[in-house]
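Chains as they are written, first to last, in this note's numbering: chain W, 271 to 366; chain L, 271 to 366; chain D, 271 to 366; chain Y, 271 to 366.
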């Protein structure tokens, strides 16, 4: 896992998976932008697409969160930075 | 507001406001993609940016929702399509 | 539906359904209170029960929201109070 | 903190704080039940109270979650149950 003196970083495999998914989110946003060029577009169809984008973003977040828990949170007591780790996590989870 | 026989469409002013905001969301997603190229990036910094993007997307959704309520939902009884309008809305709000 | 001069009120059938469900929510809360008397209770079991209670509360909210949409929102243009109705709704949905 | 062989349990101070808050949630639910006996009650007033109850429940959840993170999650690697701990947490956070 982590060696003692390396700073905390996002796992490389998760980082590349997150990039891949986020590229697809970007494509989805571009699709909604094209929808919005159509002057006959219906509000609810836009809202559905926005929800779908939010859902896809949420999946990226879950991926990164799971990796953070596995790599950095469960090991925090051993490193001694548990207080910072817990506060950061509570801050992020507040808005979920 | 609507003439009787026009189909329901997103208000043009709201449509262009939504496009403007969504372009900024796309820029924000590109920023997170650049973050993810950095192999020292910290999970929590990524999670914070993802939350910010979700927040910005949520604002676009609120804009479109408010317009839909004003233009199409409060007038549904007059048009006689209230049952479809209510079901669509409940479906969208379920995932909020 | 509404006669012109009656003030807006929750539909009686929905009101009694909401009461019935809310009584069950209250029973569920009492169950969690009993869980919390047990000094060996595990955090995650409490969190799961709290989620379940939130889910049940959310169902009551959906019931009341659907009725509000059907009875008061889709008819707002006819009554002429659409501006108040939309603002109230946006305020409530903001926190969903 | 934990002795090595004690099973994971909710911290006693947090447990009693959670009980106190949950008693107040129960009182709030009883208040909404009384509201629902009034046949002139307005949908939106009920929805606002339901949101307030959800908010109060959410605070209890945050309290228990923070304690779980502090007492059990940051120490999971030391105990060797990190895989279970992470899965449980992801499951709970999914519904937030």
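Using N, Cα and C, we set each Cβ at its ideal position, and we do this for glycine too.
CA-to-CA distance, residue j to residue i, given in whole angstroms
| i | j | result |
| --- | --- | --- |
| residue 291 of chain W | residue 332 of chain W | 12 Å |
| residue 319 of chain D | residue 282 of chain D | 30 Å |
| residue 340 of chain D | residue 351 of chain D | 15 Å |
| residue 364 of chain Y | residue 309 of chain W | 37 Å |
| residue 273 of chain Y | residue 348 of chain W | Because the pLDDT of residue 273 of chain Y is 46, which lies under 50, any placement of that residue in the model is unreliable, and the number read from its coordinates should be weighed accordingly. Spanning the two alpha carbons is a distance of roughly 16 Å. |
| residue 325 of chain W | residue 317 of chain L | 15 Å |
| residue 280 of chain D | residue 359 of chain D | 15 Å |
| residue 328 of chain Y | residue 327 of chain L | 24 Å |
| residue 353 of chain W | residue 357 of chain D | 41 Å |
| residue 313 of chain L | residue 361 of chain W | 14 Å |
| residue 321 of chain W | residue 315 of chain W | 10 Å |
| residue 294 of chain D | residue 294 of chain L | 45 Å |
Segment limits, alpha helix (DSSP H) that includes residue i
| i | result |
| --- | --- |
| residue 347 of chain L | 346-349 |
| residue 314 of chain Y | 313-338 |
| residue 279 of chain Y | First-last for residue 279 of chain Y: undefined, no H or E at that position. |
| residue 309 of chain D | From DSSP, residue 309 of chain D is part of no alpha helix (DSSP H); its letter is neither H nor E. |
| residue 356 of chain Y | 352-364 |
Own chain residues within Cβ distance below 6 Å of residue i, not counting five before or after
| i | result |
| --- | --- |
| residue 311 of chain L | 305 |
| residue 330 of chain Y | 288, 291, 292 |
| residue 302 of chain Y | 319 |
| residue 307 of chain D | none |
Same chain, Cβ closer than 7 Å to residue i, neighbours up to 5 away in sequence not counted
| i | result |
| --- | --- |
| residue 277 of chain L | none |
| residue 284 of chain Y | 333, 334, 337 |
| residue 355 of chain L | 342, 343, 346 |
| residue 299 of chain L | 323 |
| residue 296 of chain L | none |
Proximal residues to residue i (C-beta, below 8 Å), its chain only, five neighbours per side dropped
| i | result |
| --- | --- |
| residue 286 of chain W | none |
Closer than 7 Å: residue i CB and nearest the ligand ADP heavy atom
| i | result |
| --- | --- |
| residue 333 of chain W | You won't find the ligand ADP in this model; it holds no ligand whatsoever. |
Partner residues on chain A for residue i, Cβ-Cβ distance less than 7 Å
| i | result |
| --- | --- |
| residue 355 of chain D | No chain A appears in the structure shown, which is made up of the protein chains W, L, D and Y. |
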